[in-house]
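I have placed the structure first, in the form of structure tokens, so that the comments after it can refer back to it.
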Amino acid sequence: EGYLFVWLDETPGAIFNALDINQDKEVPLEEFSDFIKRQVAEGKGRLKPARDPESVIGDMFKNQDRNGDGRITADELKLKAEEDAEKALHEEL
Numbered sequence: 008e009g010y011l012f013v014w015l016d017e018t019p020g021a022i023f024n025a026l027d028i029n030q031d032k033e034v035p036l037e038e039f040s041d042f043i044k045r046q047v048a049e050g051k052g053r054l055k056p057a058r059d060p061e062s063v064i065g066d067m068f069k070n071q072d073r074n075g076d077g078r079i080t081a082d083e084l085k086l087k088a089e090e091d092a093e094k095a096l097h098e099e100l
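Just so you know, we're using our numbering here: the sequence shown kicks off at 8 and counts up by one.
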């Protein structure tokens, strides 16, 4: 399937704080979508080509909203690199 979104430069250090536009410790789909679209518009990231951007962003959001409550919290947010590192650690154990 491949990537949904890829950073073209460094990943923002405090990514949750960047996503949480109104700083209420929760990121609903609207804030998530605004952030991703802004990254693409500023040339900092790229969405999977040949798919509807809203659909791609929705899939990304669902992947991060691990408890399905319609909001992403800092505890839920994980980048693919972090997930891969955790998976490798579990496989080693």
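Where a beta carbon is used, it is the ideal one built from N, C-alpha and C, also for glycine.
Item: Taking the alpha-carbon positions, what's the lysine 85 to arginine 58 distance?; Value: 23 Å
Item: Once DSSP output is grouped into helix, strand and coil, what is the label at proline 60?; Value: helix
Item: Quick test of your reading: lysine 51 and aspartate 16, contact by CB under 8 Å. State the CB separation rounded to the nearest angstrom.; Value: 6 Å
Item: To the nearest angstrom, report how far apart glutamate 38 and aspartate 27 are at their CA atoms.; Value: 7 Å
Item: Let me check one thing: in DSSP terms, what residues is phenylalanine 12 bridge-paired to?; Value: Leu54
Item: With DSSP run on the structure shown, which of helix, strand or coil describes isoleucine 43?; Value: helix
Item: Rounding to the nearest angstrom, what Cα-Cα distance links alanine 111 and phenylalanine 12 in this structure?; Value: Outside the shown range of the chain, which is 8 to 100, sits residue 111, and nothing can be said about it.
Item: In three-state terms, what does DSSP make of isoleucine 22?; Value: helix
Item: Would you tell me roughly how many angstroms separate the C-alpha atoms of glutamate 83 and glutamine 71, rounded to the nearest one?; Value: 6 Å
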